[in-house]
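Note sheet for the following structure.
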Amino acid sequence: MYYNITMNKTKYKLFSNEPVTLNENSLIMAIESSCDETACAIVKGGREVIANVVASQIKIHEEFGGVIPEIAAREHLEAINVVIDETFKQAGVTGKDVTAFASTVGPGLVGCLLVGMNAAKTLALAYDKPFIGVNHLNAHLAANFIDTNLEPPFIALLVSGGHTQIIKVSSFSEMEIIGETIDDAVGEAYDKVARLIGLPYPGGPKLDKLAQIGNPHAFKLPEAKVGGYDFSFSGLKTAVLRLVKSFDGKEMPVNDICASFQECVSSTLFKKVKHALEETGYKQVVLAGGVAANSEIRKKIFSLKEEGYDVYAPIMKYCTDNASMVASSAYFFNNTFDDINVEVFSRA
34 MYYNITMNKT
44 KYKLFSNEPV
54 TLNENSLIMA
64 IESSCDETAC
74 AIVKGGREVI
84 ANVVASQIKI
94 HEEFGGVIPE
104 IAAREHLEAI
114 NVVIDETFKQ
124 AGVTGKDVTA
134 FASTVGPGLV
144 GCLLVGMNAA
154 KTLALAYDKP
164 FIGVNHLNAH
174 LAANFIDTNL
184 EPPFIALLVS
194 GGHTQIIKVS
204 SFSEMEIIGE
214 TIDDAVGEAY
224 DKVARLIGLP
234 YPGGPKLDKL
244 AQIGNPHAFK
254 LPEAKVGGYD
264 FSFSGLKTAV
274 LRLVKSFDGK
284 EMPVNDICAS
294 FQECVSSTLF
304 KKVKHALEET
314 GYKQVVLAGG
324 VAANSEIRKK
334 IFSLKEEGYD
344 VYAPIMKYCT
354 DNASMVASSA
364 YFFNNTFDDI
374 NVEVFSRA
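Counting from 1 along the sequence shown, just add 33 to a position and that's the residue number in my numbering.
This is the structure in structure tokens:
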């Protein structure tokens, strides 16, 4: 079944007939479909996960070496009803028990986002409940609220396939991007380097695994000298390309190349984050995004504990795309409910 909404936009708003206030007992059901995971979750009070279901498409896209948007959207259509039903089953509740429905509205693949948003809007209409549209990047930050007592202020390092940002989070309603990549995102750089050395999709996790058994000091790779809190990884990618070509068909020390690349990336991220903490005076740092699962990046950021900082990072299943983080973001970062006019968007 394909969820679709066609109605007079000026007359139908996704609000309950009764005033709705979110509190620690509120149940938010959220859907995530921005890329290649179809996910649904129910979270209580923004922190307690009642149910969390994810249907991954990684195996489907492996043969193509990356995500094919049209195929991804079709797979979401196939999976969406199943994950919703399973979420209700796991939670032991019905739509009547849910306080509000939410979905990721961007950034992401438009065709994929539409599947999740239309499903969430339909549920909101069917049960006469509010709808909340969630920014995917905020959702990754909010993954750190799950099963913790974390509250702002904090410095966040968001590292994913499409984004690399340092965010100053002063309060739940005040966030400022103080640094970001001027070219490749960290996850993008990982995938490109993985392809250079012949690793299959998804290359990032495989590169990380090989790096753990390599020598991180085998090759000196350049760190880009970018001012402020910004990043640049295109030069590093080019340096790895030159290094690979230098072996001219001879056997490459792949593990050492992976380890040296990972050491350069993680050191760059660490230095920028530490600088941001020192300049702002904040004592909490948060790691977020799919690349937050990377072993060396986690190790470097968590080493800040030794300097007196509180460090947070989601457990592995909440680093990659999931709907629990979307529900948490809807609870903490969205101060208003949305209406039928909300649309998806592809870029931040």
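Just so you know, even glycine gets a beta-carbon here, dropped at the ideal spot from N, CA and C.
What does DSSP give as the partner residues of residue i in its beta bridges?
i      : result
Glu108 : DSSP output for Glu108 lists no bridge partner at all.
Cys291 : According to DSSP, which records beta bridges pairwise, Cys291 is partnered with nothing at all.
Phe164 : Phe134 and Asp371
Gln317 : Asp343
Gly139 : Asn168
Asn355 : Asn355 is not bridged to any residue.
Asn85  : Ala74
Thr214 : Phe264
Glu209 : Lys201
Val192 : Thr197
Leu20  : The chain is shown only over 34 to 381; residue 20 falls outside these bounds and no answer can be derived.
Phe187 : Val202
Can you tell which of the options has the C-alpha that lies nearest to the C-alpha of residue i?
i      : options                           : result
Ser299 : Gly282, Val377, Pro235 and Ala218 : Ala218
Phe187 : Ala325, Ile199, Pro163 and Asp180 : Ile199
Asp371 : Ile165, Leu243 and Val306         : Ile165
Ala157 : Gly141, Thr127 and Phe365         : Thr127
Ala172 : Gly282, Arg80, Phe97 and Thr155   : Arg80
Pro249 : Phe294, Ile91 and Ser328          : Phe294
Leu254 : Ile246, Phe266 and Phe378         : Phe266
Ala133 : Ser379, Phe378, Tyr364 and Val377 : Tyr364
Pro163 : Thr353, Leu146, Ser136 and Leu147 : Ser136
Asn288 : Cys297, Arg380, Glu329 and Gln245 : Gln245
Lys258 : Ala251, Gly98 and Gly268          : Gly268
Phe264 : Lys304, Ser336 and Val86          : Lys304
Gly247 : Glu311, Glu329 and Glu221         : Glu329
Glu311 : Leu337, Ala63 and Glu96           : Leu337
Near residue i, what residues of its chain come up, given a Cβ to Cβ distance below 8 Å and the 5 sequence neighbours on each side ignored?
i      : result
Arg331 : Leu320, Ala325 and Ala346
Ile211 : Ile199, Ile200, Lys201, Gly261, Tyr262 and Ala309
His94  : Asp69, Val100, Ile101, Ile104, Ala105 and Tyr234
Val86  : Ala72, Cys73, Ala74, Val116, Glu119, Thr120, Gln123 and Ala356
Which residues in the same chain have their Cβ closer than 6 Å to the Cβ of residue i, if we skip the five residues on either side of it in sequence?
i      : result
Asp88  : Note that residue 88 corresponds to Ala in the displayed sequence, not to Asp. Here the set comprises Thr71, Ala112 and Val116.
Lys225 : Lys270
Thr301 : Glu256
Asn58  : none
According to the neighbour-count rule (16 or more other Cβ atoms, all chains shown, within 10 Å of its Cβ), is residue i buried or exposed?
i      : result
Phe121 : buried
Asp343 : exposed
Met349 : exposed
Gly194 : buried
Thr355 : The residue you asked about is not Thr; residue 355 is Asn in the sequence shown. Burial call: buried.
Thr369 : exposed
Gly237 : buried
Ser362 : buried
Ser357 : buried
Ser67  : buried
Ile61  : buried
Thr54  : exposed
Ile91  : exposed
Ile75  : buried
Gly322 : buried
Asp161 : exposed
Lys316 : exposed
Cutting at 7 Å between CB atoms, please list the residues of its own chain near residue i, excluding the five before and the five after it.
i      : result
Asn367 : Ile165 and Val167
Asn37  : Any reading at Asn37 must be qualified, since the residue scores a pLDDT of 31, below 50, and its modelled position is unreliable; the value itself is stated next. Cβ within range, chain order: Asn151.
Leu229 : Val273, Leu274 and Val277
Ile232 : The question names Ile, but residue 232 in the sequence shown is Leu. Hits under 7 Å: Lys239 and Leu240.
Thr313 : Ile188 and Lys201
Would you kindly work out how many angstroms separate the C-alpha atoms of residue i and residue j, rounded to a whole number?
i      : j      : result
Asp130 : Gln123 : 14 Å
Glu14  : Gly141 : What the structure shows of the chain is the stretch from 34 to 381, and residue 14 is not part of that stretch, so it cannot be assessed.
Glu119 : Ala272 : 47 Å
Ser277 : Glu339 : According to the sequence shown, residue 277 is Val rather than Ser. Taking the straight line joining both Cα atoms gives about 36 Å.
Glu103 : Gly144 : 7 Å
Ala176 : Ala84  : 15 Å
Thr181 : Gly125 : 24 Å
Glu207 : Ile179 : 20 Å
His169 : Val306 : 21 Å
Glu184 : Ala227 : 36 Å
Lys77  : Ala189 : 24 Å
Val341 : Leu174 : Residue identity check: residue 341 is Gly in the sequence provided, not Val. Cα-Cα distance, rounded: 21 Å.
Lys333 : Gly282 : 34 Å
Leu147 : Glu376 : 8 Å
Thr197 : Cys297 : 15 Å
Leu243 : Cys73  : 32 Å
Ser204 : Val318 : 14 Å
Ser379 : Val138 : 9 Å
Leu110 : Ser279 : 46 Å
Tyr223 : Ala159 : 43 Å
Ala56  : Ala360 : Looking at the sequence shown, residue 56 is not Ala but Asn. Taking the straight line from one Cα to the other gives about 13 Å.
Asn374 : Ile215 : 32 Å
The ligand SAH and residue i: does the residue's C-beta get closer than 6 Å to at least one heavy atom of that ligand?
i      : result
Val273 : Among the ligands in the structure shown, none appear at all, so the ligand SAH cannot be discussed.
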